[in-house]
Amino acid sequence: MTPTTSNNLITPLRAASRNLAREWGFLRTKIAGSDLSAAAVHALIELGNGRSLSVDELAAELRASTGQVRGVVVPELVGRLVRSEGEGGSYGLTEEGKETLGRINGFAQRQVAQALEDVGGGNGVTAGDITSVFRIWTQALERAREVGENFPTPAVTPGQEESPFGLPGTGAVAGARVEPAVAKRTVEIVSGYQPGILGRVEMHMEYYYPKYNWGREFETVFTEGMLDLLKRVGNGKGSQAWAAVLKQPGGKDRIVGTVFIDGEITAKEGVAKLRAFIADEEARGLGAGKRLLRAAMDFIMEEGFRQCELTTSKELMVARKMYETEGFKPMGEYRYGGWLEGVCSMEYLWERPAGKHTPSEDGTLKGKEV
Numbered sequence: 000m001t002p003t004t005s006n007n008l009i010t011p012l013r014a015a016s017r018n019l020a021r022e023w024g025f026l027r028t029k030i031a032g033s034d035l036s037a038a039a040v041h042a043l044i045e046l047g048n049g050r051s052l053s054v055d056e057l058a059a060e061l062r063a064s065t066g067q068v069r070g071v072v073v074p075e076l077v078g079r080l081v082r083s084e085g086e087g088g089s090y091g092l093t094e095e096g097k098e099t100l101g102r103i104n105g106f107a108q109r110q111v112a113q114a115l116e117d118v119g120g121g122n123g124v125t126a127g128d129i130t131s132v133f134r135i136w137t138q139a140l141e142r143a144r145e146v147g148e149n150f151p152t153p154a155v156t157p158g159q160e161e162s163p164f165g166l167p168g169t170g171a172v173a174g175a176r177v178e179p180a181v182a183k184r185t186v187e188i189v190s191g192y193q194p195g196i197l198g199r200v201e202m203h204m205e206y207y208y209p210k211y212n213w214g215r216e217f218e219t220v221f222t223e224g225m226l227d228l229l230k231r232v233g234n235g236k237g238s239q240a241w242a243a244v245l246k247q248p249g250g251k252d253r254i255v256g257t258v259f260i261d262g263e264i265t266a267k268e269g270v271a272k273l274r275a276f277i278a279d280e281e282a283r284g285l286g287a288g289k290r291l292l293r294a295a296m297d298f299i300m301e302e303g304f305r306q307c308e309l310t311t312s313k314e315l316m317v318a319r320k321m322y323e324t325e326g327f328k329p330m331g332e333y334r335y336g337g338w339l340e341g342v343c344s345m346e347y348l349w350e351r352p353a354g355k356h357t358p359s360e361d362g363t364l365k366g367k368e369v
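Using numbering that gives the first Met the number 0, you'd call the opening residue of the sequence shown number 0 and step up by one each time.
Okay, here's the thing in structure tokens:
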């Protein structure tokens, strides 16, 4: 079933989801019997049980941008309920934060317990059924999230029936107003050199300068390395680039993500390096990061490389999860000195799965022996 079909199922399910969000109080400024916003409450829950999380890790757990967490959630909590811990910029709960979380959990326990008492009523539904359905539905939404904003807008038939509880068959709304479909932004992944791709080094600066105060030294070293790589992109020797291009209806196309494969940087034969992987916050929700990484890994397989290396910051939890999903394994970590003082980096290695060989035109393996 695709998102453009079965409106008889989709429309009532959306209505039920809206009612659920409203019952839980997500549209209010304060929720869960506290004086905190929904985002702050969820942040406290993630920081519970003795966990310490960085801004990046918290953003990944909350499905939010680091900018949202740093600019909205952290200021609401830090000082009274949350404190900074360690050199890596991690956060943990204060004693007052732990007490507040205890009250929030108590409120939620009572709310859910009371609702579960009302489940049933001769309809054959048990509390266990609800738990199972919630888990399955949440997992399905997670899988659909990366392409969610690319779904076409489904048509809604005027007069389509929808009950107050989101169940079909009762409470018909005659002559319901249908909003016109709104053109959606989409991202296209394109390979090879693209005009302005090196200029988008600013994406790296916009992330690393506020976080680590990396300025001229970083920009100089990074740009020099990328200039050398850019000359070799598409040269037939295993080096390539991909750009995520944001297609904006009525606007100018814009590069919002990049990734490079350097097939000539290492002294080891058949080994490539993944470099300059980044996706702008403007591309969030469009699947740009995952699609960029998949394009690069498809290239690695097609070119017959036996291994691929990369270096990343330990704090980049979202990127690390993506790498590990693609088969990269952590090989170690180290801390920099000099102007990179205090930064913890991790080395990752991907190895071609056994039996996954790509023959070249003459029948031999690309990337030498695998």
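Beta carbons: idealized from backbone N, C-alpha and C, even for Gly.
Could you tell me the distance, in whole angstroms, from the CA atom of residue i to the CA atom of residue j?
{"i": "Lys97", "j": "Glu60", "result": "19 Å"}
{"i": "Tyr322", "j": "Lys328", "result": "8 Å"}
{"i": "Phe221", "j": "Asp55", "result": "22 Å"}
{"i": "Leu140", "j": "Ala38", "result": "19 Å"}
{"i": "Asp34", "j": "Leu19", "result": "21 Å"}
{"i": "Arg13", "j": "Ile44", "result": "26 Å"}
{"i": "Val200", "j": "Gly224", "result": "11 Å"}
{"i": "Ser312", "j": "Met345", "result": "6 Å"}
{"i": "Asn7", "j": "Ala107", "result": "32 Å"}
{"i": "Gly337", "j": "Thr219", "result": "15 Å"}
{"i": "Leu76", "j": "Gly127", "result": "35 Å"}
{"i": "Asp261", "j": "Tyr208", "result": "25 Å"}
{"i": "Trp213", "j": "Glu314", "result": "15 Å"}
{"i": "Asp252", "j": "Pro194", "result": "12 Å"}
{"i": "Pro167", "j": "Arg184", "result": "Residue confidence for Pro167 is low, a pLDDT of 33 falling below 50, so the modelled location carries little weight; the figure read from the coordinates is stated next. Near 31 Å, if we compare the C-alpha coordinates of Arg184 and Pro167."}
{"i": "Ala63", "j": "Lys320", "result": "16 Å"}
{"i": "Leu115", "j": "Trp136", "result": "18 Å"}
{"i": "Val132", "j": "Thr99", "result": "30 Å"}
{"i": "Arg21", "j": "Gly105", "result": "20 Å"}
{"i": "Arg134", "j": "Gln67", "result": "26 Å"}
{"i": "Glu340", "j": "Pro74", "result": "26 Å"}
Which whole-angstrom value describes the C-beta separation of residue i and residue j, a residue pair presumed to lie in contact below a C-beta threshold of 8 Å?
{"i": "Ala266", "j": "Gly256", "result": "At roughly 29 Å, the Cβ-Cβ gap does not stay under 8 Å, so Ala266 and Gly256 are not in contact."}
{"i": "Val270", "j": "Glu308", "result": "7 Å"}
{"i": "Tyr206", "j": "Gly233", "result": "Their Cβ separation, rounded to whole angstroms, is 27 Å, which puts Tyr206 and Gly233 out of contact at 8 Å."}
{"i": "Cys343", "j": "Arg334", "result": "5 Å"}
{"i": "Val72", "j": "Ala42", "result": "5 Å"}
{"i": "Leu292", "j": "Val317", "result": "Contact doesn't hold; Cβ gap of about 11 Å is too wide."}
{"i": "Leu28", "j": "Ser16", "result": "Note that residue 28 is Thr in the sequence shown here, rather than Leu. Not a contact, Cβ separation roughly 21 Å."}
{"i": "Ile103", "j": "Val40", "result": "6 Å"}
In its own chain, which residues sit with a C-beta less than 7 Å from the C-beta of residue i, not counting the 5 before and 5 after it?
{"i": "Leu46", "result": "Leu52, Val81, Tyr90, Gly91, Leu92"}
{"i": "Ile264", "result": "Lys272"}
{"i": "Leu348", "result": "Gln306, Glu308, Phe327, Lys328, Met330"}
{"i": "Phe217", "result": "Tyr207"}
{"i": "Ile188", "result": "Trp241, Ala243, Arg290, Leu291, Ala294"}
{"i": "Phe298", "result": "Gln239, Ile260"}
Can residue i and residue j be called in contact, C-beta distance under 8 Å?
{"i": "Ser190", "j": "Gln247", "result": "no"}
{"i": "Trp241", "j": "Ala275", "result": "no"}
{"i": "Met202", "j": "Asp279", "result": "yes"}
{"i": "Val186", "j": "Ala58", "result": "no"}
{"i": "Val124", "j": "Val118", "result": "yes"}
{"i": "Arg79", "j": "Glu95", "result": "yes"}
{"i": "Gly237", "j": "Phe304", "result": "yes"}
{"i": "Leu245", "j": "Glu281", "result": "yes"}
Would you list the one or two residues that DSSP bridges to residue i?
{"i": "Leu52", "result": "Tyr90"}
{"i": "Gly32", "result": "According to DSSP, Gly32 bridges with nothing at all."}
{"i": "Val244", "result": "Glu187, Ile254"}
{"i": "Ser83", "result": "Tyr90"}
{"i": "Gly331", "result": "Glu346"}
So, for residue i: in the same chain, excluding its five sequence neighbours on each side, which residues have a beta-carbon less than 6 Å away from its beta-carbon?
{"i": "Ala353", "result": "none"}
{"i": "Asn149", "result": "Below a pLDDT of 50, predicted positions are generally treated as unreliable, and Asn149, at 43, falls in that range; the measurement from the model is reported next regardless. If we look at Asn149 and ignore the five residues flanking it on each side, its Cβ neighbours are Thr185."}
Kindly list the residues whose CB is nearer than 8 Å to the CB of residue i, restricted to its own chain and excluding five residues on each side of it in sequence; keep chain order.
{"i": "Ala254", "result": "Ala is not the amino acid found at residue 254; the sequence shown has Ile there. Gln193, Gly195, Ile196, Arg199, Ala242, Ala243, Val244, Leu245, listed in sequence order."}
{"i": "Asp227", "result": "none"}
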